[in-house]
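**Q** This is the structure I want to talk about, given as structure tokens.
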Amino acid sequence: MYDEVASNNQLRENLDLLEEKRAEAHLRILAYKKAVAKLYNRKDKLATNRKDLYRIIDVIREETYSHRTFINFYSNMKPS
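Here our numbering is used: the first residue of the sequence shown is 1, the next is one more, and so on.
Have a look at this one:
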């Protein structure tokens, strides 16, 4: 048998649970956005700041190399 009062109470309870789920989802989204912004705004550069000259000796695998640095190449050159 249909009980209107019980039905309305259940609907209100479901709406309360729905609001809790929305709040949890919103907090998860904020945490995700914060993590993405932190990674995006890092001050570290992805590229190297290599100023020395070097020679590749061996290719270990794709985009991974063994190299030898020419130390102080320019400092040993004397101006003419």
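Every residue, glycine too, gets a C-beta built ideally from N, C-alpha and C.
Per DSSP, which one or two residues make a beta bridge with Arg22?
**A** None; Arg22 has no bridge partner.
**Q** Where does Arg28 sit, in a helix, a strand or coil, going by DSSP?
**A** helix
**Q** Mapping the DSSP letters down to three states, classify Arg12 as helix, strand or coil.
**A** Arg12 falls in the helix class under three-state DSSP.
**Q** How is Tyr65 classed by DSSP in three states: helix, strand or coil?
**A** It is a strand residue.
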